[in-house]
Amino acid sequence: MRSDELFRRAQKIIPGGVSSPVRAIKPYPFYTVSGKGGRIKTADGTDLIDCCLGYGPLILGHAHETIKNAILEQLENGWLYGTPAEQEINMAERIIRDQPGIEMLRCVSSGSEATMAAIRLARGYTAKKKILKVEGGFHGAHDSVLIKAGSGATTLGIPDSAGIPPGVAEFTRQVPYNDPEALEQILAADPDIAAFILEPVMGNIGPILPDDNYLKEVREITKAHDVLLIFDEVITGYRLCIGGAAKEYGITPDLTTLGKIIGGGLPIGAFGGKREIMEMIAPAGPVYQAGTFSGNPLSLAAGIATIDYLNAHLEEYRHAEERTRAIEESLPSSAGGSFVRLNSIFKYFFRQNPPNNYKEAKESDTDAFGRFWKGALTKGVFLPPAQFESNFLSFAHTDEDIETIAGVYNSCLP
Ligand code: PMP
Numbered sequence: 001m002r003s004d005e006l007f008r009r010a011q012k013i014i015p016g017g018v019s020s021p022v023r024a025i026k027p028y029p030f031y032t033v034s035g036k037g038g039r040i041k042t043a044d045g046t047d048l049i050d051c052c053l054g055y056g057p058l059i060l061g062h063a064h065e066t067i068k069n070a071i072l073e074q075l076e077n078g079w080l081y082g083t084p085a086e087q088e089i090n091m092a093e094r095i096i097r098d099q100p101g102i103e104m105l106r107c108v109s110s111g112s113e114a115t116m117a118a119i120r121l122a123r124g125y126t127a128k129k130k131i132l133k134v135e136g137g138f139h140g141a142h143d144s145v146l147i148k149a150g151s152g153a154t155t156l157g158i159p160d161s162a163g164i165p166p167g168v169a170e171f172t173r174q175v176p177y178n179d180p181e182a183l184e185q186i187l188a189a190d191p192d193i194a195a196f197i198l199e200p201v202m203g204n205i206g207p208i209l210p211d212d213n214y215l216k217e218v219r220e221i222t223k224a225h226d227v228l229l230i231f232d233e234v235i236t237g238y239r240l241c242i243g244g245a246a247k248e249y250g251i252t253p254d255l256t257t258l259g260k261i262i263g264g265g266l267p268i269g270a271f272g273g274k275r276e277i278m279e280m281i282a283p284a285g286p287v288y289q290a291g292t293f294s295g296n297p298l299s300l301a302a303g304i305a306t307i308d309y310l311n312a313h314l315e316e317y318r319h320a321e322e323r324t325r326a327i328e329e330s331l332p333s334s335a336g337g338s339f340v341r342l343n344s345i346f347k348y349f350f351r352q353n354p355p356n357n358y359k360e361a362k363e364s365d366t367d368a369f370g371r372f373w374k375g376a377l378t379k380g381v382f383l384p385p386a387q388f389e390s391n392f393l394s395f396a397h398t399d400e401d402i403e404t405i406a407g408v409y410n411s412c413l414p
């Protein structure tokens with residue numbers, strides 16, 4: 001197989017053979033040569049229905065004409081200036097319009113950069129040192145958040161990365177998801193916590209959905225203790241709906257981080273929030289943050305085109321909801337696991353009940369997941385290769401694709 005050959009070459013010169021750990025499928029990952037709509041083609045000549053979609057950004061599918069044209073138009077005018085360009089204002093105006101609680105926005109180049117900056121900003125604004133995160137929450141690959149981290153870190157058994165000094169790790173505290181009492185206790189006992197950062201819907205261990213009222217209680221408890229609330233909406237932003245989880249659940253955080261969809265498939269991140277807090281960012285204020293590729297016009301062109309397309313096609317969100325329901329309804333009655341879905345996000349857990357937190361998610365039978373995943377791939381459906389990642393639908397999947405996916409759930413589950 002061509003992919004096997006490529007992976008052998010890669011392993012000699014790229015650690016683990018991949019540029020990001022979760023891609024290292026055993027015994028070797030397939031290599032992708034092209035993508036169009038809801039499908040990708042592999043280097044081995046296989047055509048696959050893609051439910052990974054670049055781990056979430058490609059809500060409109062691969063090589064969408066509108067987005068491609070926006071990128072091509074920008075390419076004609078160059079793709080990096082190092083000076084301000086109108087596109088960054090256009091992007092900020094859209095996100096401020098769409099996402100509750102954002103009065104000012106700064107663009108960066110990845111979700112990791114966005115959470116790193118938001119955390120520094122929270123510390124700078126509050127003059128407190130610690131942050132609180134959710135066990136199994138994933139906020140990118142930087143020191144403060146790679147502790148009990150979900151996503152590939154959990155899949156590969158390294159939720160606490162080597163190389164993070166204990167002196168750094170002790171400034172990150174953890175709380176279980178869906179547990180307002182634990183949150184209240186920790187914030188009452190520790191006055192040095194600057195911010196609580198969480199994925200409002202956990203996307204990197206599941207999805208795990210918030211209990212009724214959980215996010216409302218999170219908002220009240222953080223406010224009562226003068227702790228900033230950071231919603232990491234890198235996955236949920238423009239994925240659940242226009243306005244993300246903040247809109248869906250009617251909660252206004254102090255700061256929000258975004259990424260993935262807002263770049264239309266090109267690298268991007270952004271963080272924003274209350275004006276008073278955001279004005280602490282350099283050069284307006286003393287919290288430093290900078291980047292060569294921040295606000296690069298190419299990512300912005302793709303992102304703005306995506307945001308405009310989504311706003312003009314709101315019915316697609318309703319359609320996605322119907323489609324993940326159809327997949328759920330295809331499960332055989334013998335299936336002993338649990339199906340969790342929210343709009344275009346879905347997952348089957350090899351665990352009797354839907355998990356409510358990290359500890360419960362980790363009880364899933366990952367060997368059974370591995371067998372199901374292989375079965376799905378053999379039948380032409382590429383799901384993210386881990387129990388602890390969310391599956392996604394794009395608005396480009398066809399009815400036939402959805403039938404094939406539903407058929408896989410019907411026939412490949414034990
Ligand atoms: N936050 C969340 C919720 C994410 O899902 C991710 C990436 N999966 C990140 C932050 C980091 O984003 P990036 O990979 O763009 O650095």
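Quick note on numbering: the sequence shown equals residues 1 to 414 in the working numbering. Heads up, the beta-carbon is just placed ideally off N, CA and C, and yes, glycines get one too.
- Apart from the 5 residues on each side of it in sequence, I304 sits with its Cβ closer than 6 Å to the Cβ of N90, M91 in its chain, given in chain order.
- Minimum Cα-Cα distance from E86 among the listed residues A326, P332, G295, G336 corresponds to G295.
- In this structure, H62 has its CB at a distance of at least 7 Å from all heavy atoms of the ligand PMP.
- In the DSSP assignment, T404 falls within the alpha helix (DSSP H) that extends over 399 to 412.
- Taking every protein chain shown into account, the CB of Q289 has 16 or more other CB atoms within 10 angstroms, so this residue is buried.
- If you draw a straight line from the Cα of V33 to the Cα of E181, it is about 49 Å long.
- Secondary structure of V108 (DSSP, three-state): strand.
- The region 212 to 229 makes no contact with the region 146 to 166; the number of CB pairs closer than 8 Å stays below 3.
- Under the three-state reduction of DSSP output, I205 falls in the coil class, being neither helix nor strand.
- A distance criterion of 7 Å places the beta-carbon of T115 in contact range of the ligand PMP, judged by its closest non-hydrogen atom.
- Distances between the C-beta of F30 and the heavy atoms of the ligand PMP are all 7 Å or more.
- Counting only residues of its own chain and dropping the five nearest sequence neighbours on each side, H313 has a CB closer than 8 Å to the CB of F395.
- Shown here, Q174 sits in a strand according to DSSP, grouped into three states.
- Between the region 250 to 262 and the region 94 to 108 there are three or more inter-stretch CB-CB distances shorter than 8 Å, so the stretches are counted as touching.
- G82 counts as exposed, since fewer than 16 other beta carbons sit within 10 angstroms of its beta carbon.
- I14 and A153 have their C-alpha atoms some 18 Å from each other.
- Taking a 10 Å sphere around the C-beta of L75, we find fewer than 16 other C-beta atoms and assign the residue as exposed.
- Not one heavy atom of the ligand PMP is found less than 7 Å from the C-beta of Y309.
- Taking N410 as reference, the option from L383, F382, S334 with the minimal CA-CA separation is S334.
- Each residue's CA atom was taken as its position, placing G54 and S390 some 11 Å apart.
- A direct Cα-to-Cα measurement between Y177 and R2 gives close to 43 Å.
- Under the rule that a run must span 4 or more residues, the alpha helix (DSSP H) segments found entirely inside the region 290 to 359 read 297 to 312, 315 to 329.
- If you check the C-beta of N204 against the ligand PMP, you find a heavy atom less than 7 Å away.
- Fewer than three beta-carbon pairs drawn from the region 104 to 123 and the region 206 to 215 are found closer than 8 Å, and the two stretches are therefore not classed as touching.
- Taken through DSSP and simplified to helix, strand or coil, A162 comes out as coil.
- Between the ligand PMP and I71, a heavy atom-to-CB distance of less than 7 Å is absent.
- Collapsing the DSSP output to three states places D179 in coil.
- Look at N213 here: in three-state DSSP terms it is coil, with no helix or strand label.
- A Cβ-Cβ distance of about 6 Å is found for the pair I59 and R239, placing them in contact under the 8 Å criterion.
- DSSP places A92 inside the alpha helix (DSSP H), whose first and last residues are 86 to 98.
- Collapsing the DSSP output to three states places D190 in coil.
- Bounds of the beta strand (DSSP E) holding F271 are 269 to 273.
- Across the set I402, K359, L413, the C-alpha of K359 shows the shortest separation from the C-alpha of V134.
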